[in-house]
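Asker: The opening residue of the sequence shown carries number 1 in the numbering used here; numbering runs sequentially from there.
Even for Gly, the Cβ is constructed at its ideal location relative to N, Cα and C.
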Amino acid sequence: MGKQRILSGIQTTGNLHLGNYLGAIRNWVELQDDYDCFLFMADLHAITVPHDPAVLADNTYKVAAAYIACGIDPERSTLFVQSHLSAHSELAWLFNCVTPLNWLERMIQFKEKAVKQGENVSVGLLDYPVLQAADILLYEPDLVPVGEDQKQHIELTRDIAVLMVQPHG
Numbered sequence: 001m002g003k004q005r006i007l008s009g010i011q012t013t014g015n016l017h018l019g020n021y022l023g024a025i026r027n028w029v030e031l032q033d034d035y036d037c038f039l040f041m042a043d044l045h046a047i048t049v050p051h052d053p054a055v056l057a058d059n060t061y062k063v064a065a066a067y068i069a070c071g072i073d074p075e076r077s078t079l080f081v082q083s084h085l086s087a088h089s090e091l092a093w094l095f096n097c098v099t100p101l102n103w104l105e106r107m108i109q110f111k112e113k114a115v116k117q118g119e120n121v122s123v124g125l126l127d128y129p130v131l132q133a134a135d136i137l138l139y140e141p142d143l144v145p146v147g148e149d150q151k152q153h154i155e156l157t158r159d160i161a162v163l164m165v166q167p168h169g
């Protein structure tokens, strides 16, 4: 039997900070010998809020460099940029076609961020958890280490997975 698979990523909205290191990257470094780690730069998630495309592109490479500088070994872990793999967007679209809108409207993170953005809130922000579900289910990981703030999104991922195996009529 092979190693268990882990999937995790960090948005490329800015420079990594101590919280990213202590909360995620430090653990990834320790896990990469015992697990099949798939670690990504979540640039598609980063575009759900107002951003400068040039800065976002630059941040994506800075985040990749920081992963490596912190001890993530590309020989022992799979590193990738989310937007470079169209399957993320394609699977998210399929999930969008079956996910009830009211499931997304209940998401606490969406409500909190939407208040901050006011009338300029994007559909992408509402749809963020569906893309996250696609990220996760695409790689069929055994473990998805996330912060407590992502618990509701993980539960939605489970619900979407169940929905996808049911007949659609």
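Report yes if the C-beta distance between T12 and K62 is below 9 Å; otherwise report no.
Answerer: The answer is yes: Cβ separation under 9 Å.
Asker: For S8, which of helix, strand or coil comes out of DSSP?
Answerer: strand
Asker: Buried or exposed, going by whether 16 or more other CB atoms sit within 10 Å of the CB of A54?
Answerer: exposed
Asker: In the structure shown, what three-state DSSP assignment does M41 receive?
Answerer: strand
Asker: Alpha carbons only, please: which of G23, G2 and T48 is nearest the one belonging to A114?
Answerer: T48
Asker: Can you grab the Cα-Cα spacing for the pair C37 / L7, in whole Å?
Answerer: 6 Å
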